[in-house]
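Colleague: So for the sequence shown, the numbering used here puts the first residue at 792; every next one is plus one. The beta carbon of each residue, even a glycine, is placed where N, CA and C say it ideally should be.
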Amino acid sequence: MEKVPMTVRGEQTLREELEILLKRRPIISKAIGEARELGDLKENAEYHAAREEQGICEAQIRDIEYKLSVSQVIDVTKMENTGKVIFGTTVKLIDINTDDELTYCIVGDDEADIKKNLISVNSPIARGLIGKLEGDEVSIHTPGGVKEFEIEQVQYL
C-alpha cells in the first residue's frame with residue numbers, strides 16, 4: 792500500500808470531521824429506533840431517511856479512516872528551510888509575463904482548494920515547482936498554456 796502525503800493541517804481537519812461523524816452515529820441509531828416504533832417499515836419515510844443517513848455517515852467514516860491509514864503526514868515546520876520547493880511548502884511566485892504575485896501552498900489531493908491557494912501536489916504547477924529553488928525561473932505547461940514564473944520565496948510554514 793502506497794502512502795499518500797498529507798500536511799499536519801490536512802490530518803487535523805480529517806480527524807475533526809471524523810470526530811463529528813462518530814458523534815452522529817448514536818443520534819442516527821436513535822432516530823432509526825424511533826422510526827421503527829412508528830409501525831410499517833415499507834411506508835415509513837422517517838425510517839428510510841434515517842437508514843439512508845446512516846449509510847452516508849458510515850461511508851464517510853470508512854473513507855476518512857482509510858485516508859488516515861494510508862497517509863504520511865509531513866510537517867515542514869520541523870525541517871530546515873533550504874529554499875527548495877517540497878511538499879507542504881508555501882511558495883510566492885511572480886508571473887514573469889504579467890508581474891502578478893501568486894502564493895500557493897502545496898498540499899495533498901484531498902486538501903487542495905484553489906480558492907484558498909492550496910494546490911495539489913499532483914497539479915501541473917506543483918509538479919513544475921517541486922525540486923526548484925528560491926530565485927529559480929520556471930516554465931510550467933498548464934492546461935491554459937505555458938506559464939513562466941520566478942520563485943520569489945519558499946516558506947516552510
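(1) So what's residue 886 in DSSP terms, helix, strand or just coil?
(2) For the alpha helix (DSSP H) containing residue 817, list its first residue and its last residue.
(3) Starting from the C-beta of residue 845, find all residues in its chain whose C-beta is less than 6 angstroms away, skip the five residues before and the five after it, and write them out in chain order.
(4) Just list the residues that DSSP pairs residue 844 with in beta bridges.
(5) Taking Cβ to Cβ, would you say residue 895 is nearer than 9 angstroms to residue 881?
(6) Taking all protein chains shown into account, do 16 or more other C-beta atoms lie within 10 angstroms of the C-beta of residue 847, making it buried, or fewer, making it exposed?
(7) Is it buried or exposed, residue 836, if we count other Cβ atoms within 10 angstroms and call 16 or more buried?
(8) Specify, as a first and last residue, the run of the beta strand (DSSP E) that residue 865 falls within.
(9) Please state if the CB of residue 864 and the CB of residue 921 are separated by a distance shorter than 9 angstroms.
(10) Would residue 857 be called buried (16 or more neighbouring beta carbons within 10 Å of its own) or exposed?
(11) Classify residue 972: buried if its beta carbon has 16 or more other beta carbons within 10 angstroms, exposed otherwise.
(12) In terms of DSSP beta bridges, what is residue 859 paired with?
Modeller: Let's see:
(1) strand
(2) 799-827
(3) 819
(4) Note: residue 844 sits in no beta bridge, so no partner.
(5) yes
(6) exposed
(7) exposed
(8) 862-865
(9) no
(10) exposed
(11) The shown model of the chain, from 792 to 948, leaves out residue 972, and the question about it has no answer.
(12) DSSP output for residue 859 lists no bridge partner at all.
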